[in-house]
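Protein chains in written order, with this note's numbering: chain A, 1 to 564; chain B, 1001 to 1119; chain C, 2001 to 2501.
A quick write-up on the structure given underneath.
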Amino acid sequence: MPEIGTPALVYMIAALVVPFVRPAMLRQLLLLAVPVLGLLTFWQLPYGTYGAFNLMNMHIGLMRLDALSYVFGLIFSLAAFLALLYAWHVRDTVQQVATLLYAGAGLGAVFAADLVTLFVFWEGTALASVFLIWARRTEGAYATGMRYLIVQVGSGVILLAGIVLFYRETGSIAFSRMDLESPATWAIFLAFGIKCAFPLLHNWLQDAYPAATITGTVTLSAFTTKLAVYALARGFPGTELLIYIGATMTLFPVFFAAVENNLRRVLAYSLNNQLGFMVVGVGIGTPLALNGTVAHAFCHILYKALLFMSVGAVMYRTGTSKASELGGLYKSMPLTMIFCVVGAMSISAFPLFSGFISKSLILSASADTGHYFVWLALVVASVGVLEHSGIKIPYFTFFAHDAGHRVKEAPFHMLLAMGITAALCIGLGVFPSLLYGILPYAVDYTPYTVTHVVTQLQLLLFAGLAFAVLIRTGLYPAEIRSVNLDFDWTYRRLLPAIIGALRHVIVGTWRFGVRITMGRVDRFVAGIYRAHGPQGPLARTWPTGSMVLWIAVLLGMTLVLAYI
Amino acid sequence: MTDHPNGEGAGMPPLARLLSFIDKPHNVTRVFYLLLAVCIALGLSDFLYHKHAYFAVEEFPAIYGIFGFIAYVTVIFLAKGLRLIIKRPEDYYEPFAIDTEDERAAGSDPEATGGKPHA
Amino acid sequence: MTDANALLLALAIPAIAMFLIAASGSRPNIRDGISVAASIATFAVVLRLLESIIAGARPSVTLVEVMPGLVINFSIEPLGMLFATVASGLWIVTAIYSIGYMRGAHEKKQTRFYICFALAIAAALAIAFSGNLFTLFIFYEVLTLSTYPLVAHKETPEARAGARVYLGILMTTSILFLLVAVIWTWSLTGTMEFRAGGILEGNIDPVFVPFLLALFAFGIGKAALMPFHRWLPAAMVAPTPVSALLHAVAVVKAGVFTMLKVGTYIFGIGFLGRTGASEWLVWLAAATILIASIVALTKDDLKARLAYSTVSQLSYITLGMALANQMGVVGGAMHIVMHAMGKITLFMCAGAIYVAAHKTKVSELDGLGRKMPLTFIAFAIASFSIIGLPPFGGAWSKWYLLLSAADAGQLVIIGVLMLSSLLNVAYLLSIPARAFFSPPKDQMAHSLGAAALPSKGWEEAPLFCLVPICLTALGCIVLFFAVGGIYEYLLSIPISPETAP
């Protein structure tokens, strides 16, 4: 494969070509070939910086290949392939092009060696991904997409401001480790934080992902947030603040997910919670913890995609993703059910599934470094993960009460995509060395000890028992159709209300002011007319003065009329 | 499987027929007791090996199981409490949200019937 | 051909074209052909000049001496050359577009239209090349007058009213403020020449600098600084090609170009920076950026929304001058190019929508993207560029304006620019997004959204409209990658005597 600077180029070129490829079958094959070609461009390259050049005195490096970016490049390529395979049936050119551009921008950002390139691709992910939401083509999706885009572009411009300040401070735009000590790095940190769905900055995720198309959500789940995790791992490893942010992130979504009815939104909350584990890992910053973050991101992309795929497959066949409308689907879609359960067990970190071998790294790192409360929070959060992703998703979709859907099994290509992903989830869980071998730091870690396996099983199965007890006693919260408020209420309801009130006041004041002024002017003119008009007393004595005054009045009137 | 309660077993995929035993309430109870038994066994297994523990409290038998059970119940009850505060009608954000729209617009199979339309 | 002759030729071609157009008024095809040919010829000559300027030449021609010290002089320096290149280059596009639009919309009195158009371009080039304030002022007024018939072209009461506001504000401000400023400058320094590093330093009590600057800033009404911005939305009654060229490129850019030129060659950026005289202008420009964006959000009329967007974007350039450092000038000048390319695309799209679908309101555009995909893709690309998103040209001018704000230590201005980007997303991007992805209003009942609608054939505007749109949209992308050259070129603008090349 020739050296082309960045694998993003492959995706961009393909995105230009794809709309013109006919017939549909050829186009699908081309789409699937893109991630493979993209992977080949960096698969065998030795580590180093490629595509380096000087632009307006700035050192641009399109592709920095090192241990960290390599893993993310690998999993992003894999995720793109699986998402495109899953979307084999989609004939909508907009979605196909958007998927390519989005995945390409994600890869480009991960490989960026400098902050300017990072910014370019950072905005690229925002721009390309919004089309996966708009592609639903409803009023609600349009509005949601607009909110999503403003938040994402907002993250981009904050990043840009940070980069500008950073460039002025240091004279360099190299993207490497930074310290939180100036407005520049804080801005960059905040920009990463928005994309990473930090607490209170997280609502775009739960808002947008359920609004995307079935296939779009699978794609969305892989790139944006993991790009942010990568950026944090690159820029801010060992920043203590991240530990607490991450711990909060693991906990709070658990409660929202438990009472959420839209299953894709449940998964979005769950995604948020999983990001928390990764952020904690970045915050701890030891080699073990960073390995944990990278490994967890790798596994997470797979099992989260698998869960979104299985819920998506159900949505494809039944036309709904609401828990209150689903149930009993194991009878119609048993294979999808099995894949969903694999995803659920992976995310819950059952031994022999991928989540187990990655999450343990972060938990061990937090205990090793003496962050006991954080460790405890993560254990509680693990129980929460089991609750919303491990049990709730499969139980209310495929079991619980039979909602009466009698549908076909998912289409073959979806089953294939889910099957491959499920196999990877189990494969990584059974052979952890496959993943450990490519982590950025040398790993000396054994996940499968008797203690670890038994304690983990105890934790999960007793929690499962608690679920069974609650269900049998009727204490488990019922699935009901509702919307649950979250922090987004502040900008979806409160802010518009404030702006509306302000607008009312301003418009009112403006109108009042204009009326008063116009009234004054009218009276003034009338007064002058009385004094200087043809019949006015002054007109006879001072015709010249009258002329001047008239001109002044006319000029004044012209000005007033011109500006109002 | 001919003993299926609804008698619709014949139309199901073979894999689904294997699982259809859980449609019977007494089988669900059996699964429940099986889970209980596994849990007890797991709890007791703590006496059989040397636990590699970070904290003293970890030495307590079945501590993880007990913790998991309590944590789970706590999460659920807190979430139920939270729901009292944050629950709103599904059309709360209408028309700027997808919550009440027909979900089939997301690209469902043309044959999909969808959920019940919003009241 | 010497550089001086080329300079005169560049001015003469559009002027001569006026007469040829007038003579061939009865034969529309020949008339329109002349218009396009003249635009191409002008651009060729301007490119030839650009080459010389890059090579370091600074041609200068004095035409007449009205009285001692008052001369009509044309001299080219990098900033003026940039403006001339933009104006003449986009004239070609607009000339082609006008053919499609004017015929498609069945406009009357097309000959008068093309005559005034050519005159306006000649005036714009004269402004670009003017070597002193006197020359600049004269052609500034010529530009105002020559565009008046264009604005009032439709001869409806609304058109006349809009044109009156247009003329009223531009003439009033230029005579009340600009003329006074010019005379004041002359009396202070005894010269009106544009000189590298400015002519005022040492000749004026620093206390008065902000006042003189205010006279210039408000006098240059074409820069549409609030509160003298009303003419711009009022002028939107004009046919769309006029709005496109004159209100995205020639007239408004003549305003902000004059602003930059006065800042660089009369005050001197170094002098402004040292005295802090432009600090107030920074805040006024920032306020204009935000307020105009917010007003744009509330406008349902497509062209009015674009007009307020222009008001907002012009203040980026004024801001660049007012920040008074090299990056500000680079960013401001770069924004002239980037914004021209983006905004002309937007206006031409608005015109194409009018010609093809007879729609003028944003709220009527739902679902139109399926019928006019190319137009709306171009609209989206231009919007991205104006918002400042990569990989579109506008990202770089925003980058340099941000650098300038960072150099000036103005963190708040950085915040303003960020907020403005978000507002731009809201008022610009909503247009193509709705057009493509919102279900048409009359089919709201359809539960599955537009996805389930049968897609009908394209109903795009005529090719004469469509091709220019695609070209300029492509230009927005090309400018992102071609920025290195522009940047090098802009560094040759002399900022203060010490840094002059």
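Every residue, glycine too, gets a C-beta built ideally from N, C-alpha and C.
DSSP state of residue i mapped onto helix, strand, coil
i: C/Ser2075; result: strand
i: C/Glu2065; result: strand
i: A/Gly51; result: strand
i: C/Met2338; result: helix
i: C/Arg2274; result: helix
i: C/His2229; result: coil
i: A/Lys322; result: strand
i: C/Ala2120; result: helix
i: C/Glu2364; result: helix
i: C/Met2348; result: helix
i: A/Ile4; result: coil
i: C/Ser2312; result: helix
i: A/Leu62; result: strand
Inter-residue Cα distance where the pair is residue i and residue j
i: A/Ala497; j: A/His504; result: 11 Å
i: A/Thr544; j: A/Ile528; result: For A/Thr544, the pLDDT reaches just 49, beneath the cut-off of 50, and the residue's location in the model is therefore unreliable, although a value from the coordinates is still provided. Approximately 14 Å, taken between the alpha carbons.
i: A/Pro19; j: C/Leu2389; result: 23 Å
i: C/Val2142; j: A/Leu55; result: 41 Å
i: A/Arg481; j: C/Phe2480; result: 48 Å
i: C/Asp2003; j: C/Ala2022; result: 29 Å
i: A/Ser221; j: A/Leu271; result: 8 Å
i: A/Ala442; j: B/Leu1042; result: 33 Å
i: C/Gly2485; j: A/Tyr167; result: 21 Å
i: A/Phe119; j: C/Trp2399; result: 11 Å
i: A/Thr397; j: A/His89; result: 23 Å
i: A/Thr250; j: A/Val311; result: 22 Å
i: C/Val2252; j: A/Phe192; result: 38 Å
i: A/Trp542; j: C/Ala2126; result: In this prediction, A/Trp542 scores a pLDDT of 46, lower than 50, which makes its location untrustworthy; no coordinate-derived value is stated.
i: A/Ala268; j: C/Gln2313; result: 38 Å
Beta-carbon contacts of residue i that lie in its chain and below 8 Å, excluding the five residues immediately before and after
i: C/Ser2309; result: Ala2292, Ser2293, Ala2296, Lys2343, Leu2346, Ile2386, Asn2424, Tyr2427 and Leu2428
i: A/Val439; result: With the sequence shown as reference, residue 439 of chain A is identified as Leu, and Val is not the correct amino acid for it. Excluding positions up to five away in sequence, the list reads Ala67, Val71, Asn291, Val294 and Ala295.
Member of the options whose CA lies at the smallest distance from the CA of residue i
i: C/Ala2234; options: C/Lys2303, C/Leu2213 and C/Gly2197; result: C/Lys2303
i: C/Gly2131; options: C/Phe2083, C/Tyr2097 and C/Thr2062; result: C/Thr2062
i: A/Ile150; options: C/Leu2422, C/Cys2465 and C/Ala2126; result: C/Leu2422
i: A/Ile13; options: A/Met146, A/Ala24, A/Pro35 and A/Val469; result: A/Pro35
i: A/Ile426; options: A/Gly519, A/Arg136, A/Cys299 and A/Lys408; result: A/Cys299
i: C/Leu2011; options: C/Glu2279, C/Val2478 and C/Val2045; result: C/Val2045
i: C/Leu2323; options: C/Phe2211, C/Leu2401 and C/Thr2042; result: C/Leu2401
i: C/Pro2494; options: C/Thr2085, C/Gly2263, C/Asn2005 and C/Phe2043; result: C/Gly2263
i: A/Arg64; options: A/Tyr47, A/Leu78, A/Thr449 and A/Ser77; result: A/Tyr47
i: C/Thr2258; options: C/Leu2178, C/Glu2488 and C/Thr2360; result: C/Leu2178
Within chain A, partners of residue i - CB distance below 7 Å
i: C/Pro2391; result: Val120
i: B/Ala1132; result: The structure shown does not extend to residue 1132 of chain B, since chain B is modelled only from 1001 to 1119, so the question has no answer here.
i: C/Asp2407; result: Arg168
i: B/Glu1090; result: Arg481, Ser482 and Val483
Residues that residue i contacts on chain B, provided the C-beta gap is smaller than 7 Å
i: A/Ser611; result: Residue numbering for chain A in the displayed model covers 1 to 564; residue 611 of chain A lies beyond these limits and cannot be assessed.
i: A/Tyr330; result: Ala1016 and Leu1019
Under 7 Å from the C-beta of residue i: neighbouring residues of chain C
i: A/Ala161; result: Leu2402, Ile2414 and Met2418
Own chain residues within Cβ distance below 7 Å of residue i, not counting five before or after
i: C/Val2165; result: Arg2230, Trp2231 and Ala2234
i: C/Phe2464; result: Ile2096, Tyr2097, Ile2099 and Gly2100
i: C/Ile2053; result: Ile2076, Pro2078 and Met2081
i: A/Trp122; result: Ala109, Gly156 and Leu159
i: C/Thr2173; result: Phe2218, Gly2219, Gly2221 and Phe2228
i: C/Asp2301; result: Thr2360 and Lys2361
Neighbouring residues, chain A, relative to residue i (Cβ below 9 Å)
i: C/Ser2430; result: Tyr142 and Met146
Within chain B, partners of residue i - CB distance below 9 Å
i: A/Ala367; result: Tyr1054 and Phe1055
Under 8 Å from the C-beta of residue i: neighbouring residues of chain A
i: C/Leu2422; result: Ile150, Val153, Gly154 and Val157
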